[in-house]
Amino acid sequence: MAITDTRPADLALEVTADPERFIGLSDHDPHGLAGLIGTGDHKALGRAWIAMSLLFGIAALVLVALFHADVSSSFLPTDTVDQVATLGQVALVLLFAIPLFVGIATYVSPLQVGARTVAFPRAAAMAFWGWMLGSGMLIAAYAINGGPGGGRAKAVDLSFVALAFILTSLCLASVCLITTVFTMRTSGLWMTRIPLFSWSIVVAASLWLFTMPVLLANVLLTYLDHHYGTGTALGTSEWGQLAWAFGQPTIYVVAIPALGAISDILATLSGTRLALRGLMMTAIGAFGVLAFGAYAQPIFAPDIESQAIYVAMGVLALLPVLLLLGGWGATLRGGKPVLKSPLLFALSSAVVLLLAVFGGALYVIKQLELHNTKWFENSLATPPYATGHALLVVGATVIAALGALVYWSPKIFGRFANDGLAKLAALVSLVGVLLAGLPLMIFGFAIKADALADSGKFLNGVSAFGAVVLLIAIVLVLVALLMGKGDAPADDAWGVGQSLEWATSSPPAPGNFGVLARVDSPEPLLDITDSEGAA
Amino acid sequence: MAATVTTEPSATAPAPHTGSAGALTPPPVERPRVLLVGTAFAVAGIAMMFAGLIGIYLARRATNLITVGSWLPTDLIIPLSQPNMGLATLVISVVTMQWAVVSIKNDDRTNTYLALGTTLLLAFAFLVEMGYLYALMKADVTTIPGLLIYAISGAHFAMVISAMVFVILMGFRALAGEFTSRQHDGIAAAAIYWHSMVAIYALIWISIFVTK
Numbered sequence: 001m002a003i004t005d006t007r008p009a010d011l012a013l014e015v016t017a018d019p020e021r022f023i024g025l026s027d028h029d030p031h032g033l034a035g036l037i038g039t040g041d042h043k044a045l046g047r048a049w050i051a052m053s054l055l056f057g058i059a060a061l062v063l064v065a066l067f068h069a070d071v072s073s074s075f076l077p078t079d080t081v082d083q084v085a086t087l088g089q090v091a092l093v094l095l096f097a098i099p100l101f102v103g104i105a106t107y108v109s110p111l112q113v114g115a116r117t118v119a120f121p122r123a124a125a126m127a128f129w130g131w132m133l134g135s136g137m138l139i140a141a142y143a144i145n146g147g148p149g150g151g152r153a154k155a156v157d158l159s160f161v162a163l164a165f166i167l168t169s170l171c172l173a174s175v176c177l178i179t180t181v182f183t184m185r186t187s188g189l190w191m192t193r194i195p196l197f198s199w200s201i202v203v204a205a206s207l208w209l210f211t212m213p214v215l216l217a218n219v220l221l222t223y224l225d226h227h228y229g230t231g232t233a234l235g236t237s238e239w240g241q242l243a244w245a246f247g248q249p250t251i252y253v254v255a256i257p258a259l260g261a262i263s264d265i266l267a268t269l270s271g272t273r274l275a276l277r278g279l280m281m282t283a284i285g286a287f288g289v290l291a292f293g294a295y296a297q298p299i300f301a302p303d304i305e306s307q308a309i310y311v312a313m314g315v316l317a318l319l320p321v322l323l324l325l326g327g328w329g330a331t332l333r334g335g336k337p338v339l340k341s342p343l344l345f346a347l348s349s350a351v352v353l354l355l356a357v358f359g360g361a362l363y364v365i366k367q368l369e370l371h372n373t374k375w376f377e378n379s380l381a382t383p384p385y386a387t388g389h390a391l392l393v394v395g396a397t398v399i400a401a402l403g404a405l406v407y408w409s410p411k412i413f414g415r416f417a418n419d420g421l422a423k424l425a426a427l428v429s430l431v432g433v434l435l436a437g438l439p440l441m442i443f444g445f446a447i448k449a450d451a452l453a454d455s456g457k458f459l460n461g462v463s464a465f466g467a468v469v470l471l472i473a474i475v476l477v478l479v480a481l482l483m484g485k486g487d488a489p490a491d492d493a494w495g496v497g498q499s500l501e502w503a504t505s506s507p508p509a510p511g512n513f514g515v516l517a518r519v520d521s522p523e524p525l526l527d528i529t530d531s532e533g534a535a
Numbered sequence: 001m002a003a004t005v006t007t008e009p010s011a012t013a014p015a016p017h018t019g020s021a022g023a024l025t026p027p028p029v030e031r032p033r034v035l036l037v038g039t040a041f042a043v044a045g046i047a048m049m050f051a052g053l054i055g056i057y058l059a060r061r062a063t064n065l066i067t068v069g070s071w072l073p074t075d076l077i078i079p080l081s082q083p084n085m086g087l088a089t090l091v092i093s094v095v096t097m098q099w100a101v102v103s104i105k106n107d108d109r110t111n112t113y114l115a116l117g118t119t120l121l122l123a124f125a126f127l128v129e130m131g132y133l134y135a136l137m138k139a140d141v142t143t144i145p146g147l148l149i150y151a152i153s154g155a156h157f158a159m160v161i162s163a164m165v166f167v168i169l170m171g172f173r174a175l176a177g178e179f180t181s182r183q184h185d186g187i188a189a190a191a192i193y194w195h196s197m198v199a200i201y202a203l204i205w206i207s208i209f210v211t212k
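Heads up: the protein sequence lines correspond to chains A and B, in order.
Position 333 of the first sequence, counted from 1, bears residue number 333 in the numbering used here, the numbering being contiguous throughout.
Position 151 of the second sequence, counted from 1, bears residue number 151 in the numbering used here, the numbering being contiguous throughout.
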């Protein structure tokens, strides 16, 4: 009974001699492709998520531009138009906006909470590679005439399998991120003290975890129905049963991390503590609750637009954003803002987000009939107003993510992004998002205003142009990062850092931190500055 | 209140801990409850997936009852004995799983292995019962009820297998001596997953096999 009866006596000594082996900390810097494939290092994984989501983002914006350009001047084959529209929509959300923030969070959140690594490093790696595999399969499936409503049965099946891979992987990544923030915080860093970006990741990842599995259930049933059944099990078209996840209110789950990123950027670059911190955390949580939309699928409620809960949640979503705007304004007023590029990105994102939630509140007013406009007869694509609204929400998220990349560039890339170019990118991205989204929302009023019915081609042309402008903004950010200066910036690269990611080297060494003292407030670095000033 | 933050890169390895008597003791658990919390969130996600599946089943059933007046095709008979036995088997496995948790909390390793083994045996029995049920009911997957029943019960079948794999892995870690009365999160996490799997089956049992 030796090994099964008592705990091996020498294990305690073994743990003491080599504790890292028992806590999964063998995160040596990866070298080359082999290193990347085998790594569980949150920094390498974070960079990989960021790089691939930006690449997919460029492809997604090309698809969005193609679709609207086609509505404007019909050049795509008829059976291809819906595929371009649906892939563009899926790619914007599941291949671009959410994974981009997953990447930033995988890199930054462990640093913000003073952790040495991400929770479940192997699962985090599996999430990234699963997502990559699923994304590749999805693109391949569409390329061979798949996707919802596609012409080749096996390719359609493949696209559902790919979606299942993507959703499962994103759920896995969400579990890793939430667990990191919940369980790996350094001493004294209570949940009420964590930086708002990490808090927004907790809220966002929870919402992803409550929403994506429901979409996965739909994908599973749609796949089985398409493969084995008659295609009628869900009582609607394949895309019709999945589209709820890319519309109001669920689309807001994409934007939750943007709220945290904006808060951190504004507080740091204002050189002051975040105003109304508790209220801001509550507002982010409330926005998350109001973004839950798994109930709003056609099989549960074909007339969802008439239901009070849908209308109420659409209108109430304005409130947390207004509260956050108040908090951000108070922070800016209380500090001395430095007009660096991340600040411009943050402000641009806030403006677009306000427009988006205001547009969302209009969308739920049934009398405006914004649900009813169609692109063309039998079109699968989401109606114009909803598409414009989704573009604004995703656009606000992308602007905030680009700002976050520039803000944390000393930590992530070991150098500052070129500030002038990044400022230009911030303005270009703002213009791009507004041009991409607003014309479609205006076109959504076509049923109410006859004069707009003939302007569809022009408005769609403008929207296509806006998508291209946003794409240019992404390229500008990439160039700004490549042209960055200041090799090996200081630990506190901005000189006014507040949270723990600014207390380690740029970029952080393996293990991230040395010995961290107990944290006594949400802004431990400001505490040090204040105490030094007092002395 | 000032906080001091030191970040010497080489200091990633904590210093060995010395007990009050000066003897070497194991270091404190560096990642308390990581597996437990991670499992709880993973379970929440899985529960949402089943909520979506069962919700669609019930919504489709309600629509059919209103529009057609019936739900299951006349040639689709779902016997109750096997689902009932399945539920009974899983309820007993909840007890044996909890037996494993209590045993490891008391450093009773023999009973831990016995409990984990019994739990696995019961899960295997459940899978056999479900296989037998499938053979008996012969639902047509091309019909809407058949497709939904296979999708939901099949997803649960997969969850049972994943729960078994979880228990086996934690069993091996227990054999390697990783769990004690001080640190038994692995077994507790497997128990959370297991109990959730049983709770989800109870939902399936009432909403599909009993209600039909």
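Even for Gly, the Cβ is constructed at its ideal location relative to N, Cα and C.
- Proximity of Ala115(B) to chain A, defined by a Cβ-Cβ separation below 9 Å, is not satisfied.
- Interface flag for Tyr193(B) against chain A is unset, since no Cβ pair is found closer than 9 Å.
- The alpha helix (DSSP H) runs lying completely inside the stretch 148-194 of chain A and spanning 4 residues or more are 153-183, given in chain order.
- Taking Asp491(A) as the centre and dropping the five residues before and after it, the same chain places the C-beta of Trp502, Ala503, Thr504, Ser505 and Ser506 closer than 7 Å to its C-beta, in chain order.
- Judged by DSSP in its simplified three-state form, Lys448(A) adopts coil rather than helix or strand.
- Distance check between Phe165(A) and each of Gly334(A), Val202(A), Gly130(A) and Ser531(A) places Gly130(A) closest, using alpha-carbon atoms only.
- Counting of Cβ neighbours within 10 angstroms places Phe166(B) among the buried residues, the total reaching 16 or more.
- The beta carbon of Met49(B) sits closer than 9 Å to some beta carbon of chain A.
- Ile304(A) and Thr250(A) have their alpha carbons spaced roughly 13 Å apart.
- The beta-carbon of Ile46(B) is placed less than 9 Å from the nearest beta-carbon of chain A.
- In terms of Cβ geometry, Trp194(B) and Ala155(B) do not form a close pair [threshold 9 Å].
- Chain order gives the chain A residues near Ala151(B) as Leu220, Leu221 and Leu224, where near means a beta carbon separation below 7 Å.
- Annotation for Asn111(B): the continuous alpha helix (DSSP H) segment containing it runs Arg109 to Met137.
- Boundaries of the alpha helix (DSSP H) harbouring His389(A): Pro384 to Tyr407, taken from the DSSP string.
- Excluding the 5 residues flanking it on each side, Glu369(A) has same chain C-beta neighbours closer than 8 Å at Ile447 and Lys448, in chain order.
- Residue Tyr113(B) holds the alpha-carbon nearest to the alpha-carbon of Leu169(B) among Phe209(B), Tyr113(B) and Ile200(B).
- Judged by DSSP secondary structure, Phe67(A) falls within the alpha helix (DSSP H) whose first and last residues are His42 to Ser73.
- For Glu532(A), the enclosing alpha helix (DSSP H) has its first and last residue at Pro524 to Ala534.
- Taking a C-beta distance under 9 Å as the contact criterion, Leu54(A) and Gly88(A) do not qualify as a contact pair.
- Going by DSSP, Phe157(B) is part of the alpha helix (DSSP H) stretching over Ile144 to Leu175.
- Nearest Cα to Gln498(A) within the set Met126(A), Leu526(A) and Glu238(A): Leu526(A).
- Residues of the stretch 105-127 of chain A with a C-beta less than 7 Å from any C-beta of chain B: Arg116, Ala119 and Phe120, listed in chain order.
- The continuous alpha helix (DSSP H) containing Thr211(A) extends over residues Leu196 to His227.
- Interface criterion met: the Cβ of Leu148(B) is under 9 Å from a Cβ in chain A.
- When DSSP states are grouped into helix, strand and coil, Phe458(A) belongs to the helix group.
- In the DSSP annotation of this structure, the continuous segment of the alpha helix (DSSP H) that includes Lys105(B) starts and ends at Ser81 to Lys105.
- Beta-bridge partners of Lys485(A) (DSSP): Phe416(A).
- Assignment of Asn145(A) by DSSP, reduced to helix, strand and coil, places it in the coil class.
- A residue is called buried when at least 16 other Cβ atoms come within 10 angstroms of its Cβ; Val91(B) does not meet this threshold and is exposed.
- Distance from the CA of Leu319(A) to the CA of Val203(A), rounded to the nearest whole angstrom, comes to 17 Å.
- With the criterion set as a beta carbon lying under 8 Å from some beta carbon of chain A, the members of the stretch 57-75 of chain B are Ala59, Arg60 and Thr63, in sequence order.
- Residue-level contact by beta carbon fails for Leu45(A) and chain B, as no gap is shorter than 9 Å.
- Per the C-alpha coordinates, the member of Gln82(B), Arg109(B), Trp71(B) and Gly45(B) positioned closest to Glu178(B) is Arg109(B).
- Among the CB atoms of chain A, none fall inside 9 Å of the CB of Ile161(B).
- Among the CB atoms of chain A, none fall inside 9 Å of the CB of Phe172(B).
- Here Ala125(A) is actually not in contact with Thr230(A); their C-beta atoms are around 40 Å apart, not less than 8 Å.
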